[in-house]
Structure formats: structure tokens, C-alpha cells
Amino acid sequence: MTETPLIGDYSTPNTELSGARVGVVTFPGTLDDRDAARAVRLAGAEAVSLWHADANLHDVDAVIIPGGFSYGDYLRAGAISRFAPLMDKIIDAANSDAKLPVLGICNGFQVLTESHLLPGSMIKNDHLKFICRDQVLRVENNQTAWTNQYTAGQEIQIVLKNQDGQYVADEHTLDELEGEGRVAFRYVGWNPNGSRRDIAGITNAAGNVVGLMPHPEHAVEAGYGPDHTGTDGLGFFTSVLTTLVGGAK
Amino acid sequence: MPRIVVDVMPKPEILDPQGKAIVGALPRLGFDAFSGVRQGKRFELTVDGEVNDAVLAQAREAAETLLSNPVIEDVVNVQVVED
Chain A
-15 MTETPLIGDY STPNTELSGA RVGVVTFPGT LDDRDAARAV RLAGAEAVSL WHADANLHDV
45 DAVIIPGGFS YGDYLRAGAI SRFAPLMDKI IDAANSDAKL PVLGICNGFQ VLTESHLLPG
105 SMIKNDHLKF ICRDQVLRVE NNQTAWTNQY TAGQEIQIVL KNQDGQYVAD EHTLDELEGE
165 GRVAFRYVGW NPNGSRRDIA GITNAAGNVV GLMPHPEHAV EAGYGPDHTG TDGLGFFTSV
225 LTTLVGGAK
Chain P
19 MPRIVVDVMP KPEILDPQGK AIVGALPRLG FDAFSGVRQG KRFELTVDGE VNDAVLAQAR
79 EAAETLLSNP VIEDVVNVQV VED
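Line by line, the protein sequences are chains A and P.
Counted from 1, the first sequence has number 199 at position 215 by our numbering; the numbering is strictly sequential.
Counted from 1, the second sequence has number 65 at position 47 by our numbering; the numbering is strictly sequential.
Structure follows, in C-alpha cells:
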């Protein structure tokens, strides 16, 4: 991937963490792959571009499925991407003993629910409009591969932008998610899309697969947010590196 | 050429925001007889040749795995239509 200059002054990445390879998947119609790759680099790891038609995962240590409109969101958001050749590899690796860490952001979250790596589904926002706003989230579970650098109950502010962001699941599934602490993030202040129980993101039982609608990769450099200092999203990317180095999860 | 029609509808318990928007618009145009709208999808699968049991079985499996998402949608109809 061609290196894009980083904005601002950053210290040298932690060399202990810098050997990790984090794959960023691109489907036709993906938009946020470059931002996700930048976030990976800012956290101190190597970003590896993965193409949806690739036959293997190129020995990456973790995978990010970024946001956008894969296959134009035709049929259903994320539905066609789920059947891409690379997704079979990701599903197998996520479910294997190695528990490959997988993060799905926005359209990536929709791909993860369509893949049944995460339960439930996303439907159109209850107000029917595309929405783009600064969104406050509460970190409900800081024990996952992607959230361990946050504190439980911490409130973070990152951008939200989506059309099909309403998280739905049946009551049994919702009770199960709540009971097992698998609601990873909840909307604070206002529920921007009608999601059940204010759920913004969830994790699988093992904690290696996490999906959320808002975009942490857009809040990793100074310049974002009301006071232009927002880097609240960086914790996702430092969390997975800590997971990989520590061998946890 | 024969076609197989697959109809998919949002599950009854799932809020259908598109249907809600449509039912709100109907009275503005003078259509006041309708209290609810649900918007679904119709797929037409064209078959080169005859629709036998194997082809129909493929259509049913495609309907359940790709054309619908069982978490939020039901396949309500799989039907052969001859032109």
C-alpha cells in the first residue's frame, strides 16, 4: 500500500508492537480501507492490503473489514460480500483455535452479521435518512481483542455515518448478548438509528470478533471532533496489538 | 423461458421503515383506505431450459441463503412462472 503522509507529529511507534501485520480488506465499493490502514500504522503495526478475491490471508495476524458500500449495498448491506472468496478464509480463521482477531466497522459490521460471525442484522435507520455526526459511545466490554486499552464504562467520541445502522435481533438473542456481556458498545445521549437496546457494537463469545457501526478509524489523528483533538478511536488499534503481543484472546 | 419467482418479505416483528414511510405518503395522495404497508422484494430467476426438481431445489436454497437473510426476512413464495 502506498504510504500516505501522516498529519501531525507522532512519536516513533512502539517497536515491540511494530512487527504485527494487520490486514485491511477491500471489496468493490469499500471506502474506508485507506483510513483503516492509516489507523493501523499510527498504532504501530504494518497494514497489509487484502483484496476480496484473494485466495489466502497473507499471514496477517488480525483483519479489519472497513466501511463503505460493498457491491453498492445491493440485495442487502454486506450480503454479497459475505460470499467473497476471502471471507471463507476469514470465517474459518476467526472460528479456529487461533481465534484470528476480526474487526468489522459499519459495512464491515454488516458483513460480519451476514457471515454469521456475529448475531443479528442491520436494517435501515428508523428515520430513513443517511446520518453523519459526532457520536458518543460507552465501552461496555473492555475484555475483547479490540477494546482492552479502554476502561469499562469509558465514553469515547467517534464519527457515525450510515444508512443501514439499525441493529436488530430477536429478544432471546438480545437477552443472551446482554447476559454474556457481549454488548461491546452502546450509544450515549441519543440513539441515532433506532438500534435495539441502544446497541452500537457487539462481540462474539470468544472476544476476538467485534463489530460496530461508528468509525474509530476516523478518530485517530488530531483534527477530528468538536475540539479537533479527538483520537478516541486509536484504542481499537492499540488494543489488537496488545492482544497479539500478549497472546491473550 | 421459464422463470422462478422468489418473494421475500421482512419478518412481521421487524420494523419496516420503508413501509412506514410509504403508508405515511399514501393519504397525502388521497389513498386513504390503507392502514399499513410492508415492502418486500421480488426476484425473478430465469432458467435456460426446463425447471426440474433439481433446479427448483437450487432456487429454494438460494432463496434461503443469499436472497433472504433469515434473521430479518422470510421467503414467502417460490413459484415457477411460464411465459
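Cβ coordinates follow ideal geometry from the N, Cα and C atoms, glycine included.
The Cβ atoms of A:M197 and A:N146 lie closer than 8 Å to each other. Take the alpha-carbon of A:D76 and the one of A:L161: they are about 22 Å apart.
Below the 9 Å Cβ cutoff, chain A contributes no neighbours of P:P30, its closest Cβ being approximately 12 Å away. In the three-state reduction of the DSSP assignment, A:M197 falls in the coil class.
Distance from the CA of A:E205 to the CA of A:F220, rounded to the nearest whole angstrom, comes to 13 Å. Close partners of P:Q36 in chain A (Cβ separation under 9 Å): K108 and L112. Residues are counted here when their Cβ sits less than 7 Å from a Cβ of chain A; for the stretch 88 to 100 of chain P these are V89 and I90, given in chain order. Excluding residues up to 5 positions away in sequence, L84, V86, L101, N192 and V193 lie with their Cβ nearer than 7 Å to the Cβ of A:A78 in the same chain. Ranked by Cα distance from A:T215, the options A:N175, A:V172, A:A153 and A:D118 are led by A:D118. Beyond the five residues adjoining it in sequence on each side, A:T157 comes within less than 8 Å, by CB distance, of P103 and G104 in the same chain, given in chain order. By the CB criterion at 8 Å, A:Y134 and A:V123 fall inside the cutoff. Cβ-Cβ distances below 7 Å link A:V172 to V120, L121, R122 and E139 in the same chain, with the five nearest sequence neighbours on each side left out; the list follows chain order. Annotated as proximal: P:V96 and P:A77, with beta-carbon spacing under 8 Å.
When the beta-carbon positions are compared, P:R56 and P:M27 come within less than 8 Å of each other.
Rounded to the nearest angstrom, the Cβ distance from A:F93 to A:G195 is 3 Å, consistent with a contact under 8 Å. DSSP places A:Q141 within a strand segment (E or B) once states are collapsed to three.
Contact check for A:V152 against P:I22 fails: the beta carbons are separated by 8 Å or more.
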